[in-house]
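Peer 1:
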Amino acid sequence: NAGVTQTPKFRVLKTGQSMTLLCAQDMNHEYMYWYRQDPGMGLRLIHYSVGEGTTAKGEVPDGYNVSRLKKQNFLLGLESAAPSQTSVYFCASSPGTSVETQYFGPGTRLLVL
Amino acid sequence: SQQGEEDPQALSIQEGENATMNCSYKTSINNLQWYRQNSGRGLVHLILIRSNEREKHSGRLRVTLDTSKKSSSLLITASRAADTASYFCATVIYGNNRLAFGKGNQVVVIP
Chain A
1 NAGVTQTPKF
11 RVLKTGQSMT
21 LLCAQDMNHE
31 YMYWYRQDPG
41 MGLRLIHYSV
51 GEGTTAKGEV
61 PDGYNVSRLK
71 KQNFLLGLES
81 AAPSQTSVYF
91 CASSPGTSVE
101 TQYFGPGTRL
111 LVL
Chain B
1 SQQGEEDPQA
11 LSIQEGENAT
21 MNCSYKTSIN
31 NLQWYRQNSG
41 RGLVHLILIR
51 SNEREKHSGR
61 LRVTLDTSKK
71 SSSLLITASR
81 AADTASYFCA
91 TVIYGNNRLA
101 FGKGNQVVVI
111 P
């Protein structure tokens with residue numbers, strides 16, 4: 001049981017490039033989330049999903065897109081990376097509603113030059 | 001906007017001492033959760049306290065919730081070097097299905 005895994009662990013992009021971050025969970029959780037963490041800012045919710053085929057905007061969705069084609073996977077896309085998107089990205093999942101415990105992945109460090 | 005705000009932001013203590021950190025919030029909540037983050041790692045859930053609970057224990061952790069003051073505290077007793085981490089409170093607002101995280105408390109336990 002791997003829990004929540006994220007791919008890749010670290011990536012460097014040039015401004016304007018695109019990339020996809022992959023989150024996978026093997027706990028059969030319904031809800032999945034993408035956060036970004038910046039120094040002194042805590043975690044901010046980018047997008048989330050309440051089930052396969054559904055997505056919703058969080059607090060800071062601009063510049064990102066997501067897809068939840070399979071229950072176990074939640075993809076975060078950056079179509080045209082900007083230096084302001086340099087951050088650490090965390091994926092999380094929870095069994096049902098977010099009122100319960102969230103389980104976090106190890107994070108992806110992204111540097112946009 | 002950030003719902004939870006921890007206080008103090010950074011704490012340095014000797015091993016064996018207790019560490020206390022506080023969190024305040026602004027609106028009515030369904031529950032409040034505390035998470036720990038070790039350097040370079042993801043967050044790990046520590047404890048959840050519901051709005052109708054006032055105190056909860058888990059091992060060396062004690063959490064209190066005062067809904068009249070809209071505040072919570074996390075106490076770590078008999079701290080260990082392994083407790084060195086950042087601690088975040090997170091709230092779930094009624095009618096909302098998201099967690100709102102505070103900015104975190106950094107705790108350093110000196111061996």
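First to last, the sequence lines map onto chains A and B.
Mind the numbering: the first sequence is residues 1 to 113 in the numbering used here, read in order.
Mind the numbering: the second sequence is residues 1 to 111 in the numbering used here, read in order.
No residue lacks a Cβ here, since even glycine has one placed at the ideal position from N, Cα and C.
Quantities reported herein were computed from a predicted structural model and do not represent experimental measurements.
Only counting the same chain, and skipping five residues up and downstream in sequence, which positions put a Cβ closer than 8 Å to that of Gln-2 of chain B?
Peer 2: Below a pLDDT of 50, predicted positions are generally treated as unreliable, and Gln-2 of chain B, at 34, falls in that range; the measurement from the model is reported next regardless. Same-chain partners within the cutoff: Ala-100, Phe-101, Gly-102 and Lys-103.
Peer 1: Can you check which of these residues, B:Ala-90, B:Ser-24 and B:Val-107, is closest to Val-102 of chain A by C-alpha distance?
Peer 2: For the record, residue 102 of chain A in the displayed sequence is Gln; it is not Val. Ranking B:Ala-90, B:Ser-24 and B:Val-107 by Cα distance to Gln-102 of chain A puts B:Ala-90 first.
Peer 1: Give, in chain order, every residue of the segment 84-106 of chain B whose Cβ lies closer than 9 Å to some Cβ of chain A.
Peer 2: Hits within the stretch, in order: Phe-88, Ala-90, Val-92, Asn-96, Asn-97, Arg-98, Leu-99, Ala-100, Phe-101, Gly-102, Lys-103 and Gly-104.
Peer 1: With contact counted as at least three CB pairs below 8 Å, one residue from each stretch, are the segment 31-42 of chain A and the segment 6-18 of chain A in contact?
Peer 2: Counting Cβ pairs under 8 Å, fewer than three are found: no touch.
Peer 1: Flag this pair as touching only if the segment 20-32 of chain B and the segment 71-89 of chain A have three or more C-beta atom pairs under 8 Å; answer yes or no.
Peer 2: At 8 Å Cβ cutoff, the stretches do not touch.
Peer 1: Is Thr-115 of chain A close to chain B, meaning its C-beta is less than 8 Å from at least one C-beta of that chain?
Peer 2: Lying outside 1 to 113, the shown extent of chain A, residue 115 of chain A is not represented and no answer is given.
Peer 1: Sorted by chain position, which residues of the same chain lie with C-beta nearer than 7 Å to Lys-14 of chain A's C-beta, five sequence neighbours on each side aside?
Peer 2: Within the same chain, Lys-14 of chain A has close Cβ partners Leu-113.
Peer 1: Ile-49 of chain B and Leu-61 of chain B look like a contact to me (Cβ under 8 Å); what is the Cβ gap, rounded to whole Å?
Peer 2: So it is not a contact: roughly 11 Å between Cβ atoms.
Peer 1: Excluding sequence positions up to five away, which residues of its chain have a Cβ less than 8 Å from the Cβ of Thr-55 of chain A?
Peer 2: Closer than 8 Å at the Cβ level, and outside the excluded window around Thr-55 of chain A, lie His-47, Tyr-48, Ser-49, Val-66, Ser-67 and Arg-68.
Peer 1: Would Gln-37 of chain B pass as a contact of Phe-88 of chain B if the rule is Cβ separation under 8 Å?
Peer 2: In this structure, Phe-88 of chain B lies closer than 8 Å to Gln-37 of chain B by Cβ.
Peer 1: Assuming Ser-72 of chain B and Ile-13 of chain B form a contact by the criterion Cβ under 8 Å, report the distance between their Cβ atoms to the nearest whole angstrom.
Peer 2: Rounded, the Cβ-Cβ distance is 20 Å, inconsistent with contact.
Peer 1: Can you tell which of B:Ala-85, B:Asn-18 and B:Asp-66 has the C-alpha that lies nearest to the C-alpha of Ser-24 of chain B?
Peer 2: Nearest of B:Ala-85, B:Asn-18 and B:Asp-66 to Ser-24 of chain B, Cα basis: B:Asp-66.
Peer 1: Would you give the residue range spanned by the beta strand (DSSP E) that Ser-94 of chain A belongs to?
Peer 2: That run of the beta strand (DSSP E) goes 87-94.
Peer 1: Select from A:Ala-92, A:Gly-63, A:Phe-74 and A:Gly-96 the residue whose C-alpha is nearest the C-alpha of Ala-82 of chain A.
Peer 2: Residue A:Gly-63 is the option with its Cα nearest to Ala-82 of chain A.
Peer 1: Taking the alpha-carbon positions, what's the Arg-41 of chain B to Ser-87 of chain A distance?
Peer 2: Taking the straight line from one Cα to the other gives about 14 Å.
Peer 1: Going by DSSP, what residues sit across from Tyr-114 of chain A in a beta bridge?
Peer 2: The shown model of chain A, from 1 to 113, leaves out residue 114 of chain A, and the question about it has no answer.
Peer 1: Suppose contacts are defined by Cβ-Cβ distances below 8 Å. Is Leu-110 of chain A in contact with Gln-85 of chain A by that definition?
Peer 2: Contact: yes.
Peer 1: Which word fits Asp-26 of chain A, buried or exposed, when buried means at least 16 other C-beta atoms lie within 10 angstroms of its C-beta?
Peer 2: By the 10 Å Cβ count, Asp-26 of chain A comes out exposed.
Peer 1: Tell me whether Val-12 of chain A is buried or exposed, calling it buried when 16 or more other Cβ atoms sit within 10 Å of its Cβ.
Peer 2: That one is exposed.
Peer 1: Between Asn-1 of chain A and the rest of its own chain, which residues show a CB-CB distance below 8 Å, the 5 nearest in sequence each way excluded?
Peer 2: The residues are Asp-26 and Met-27.
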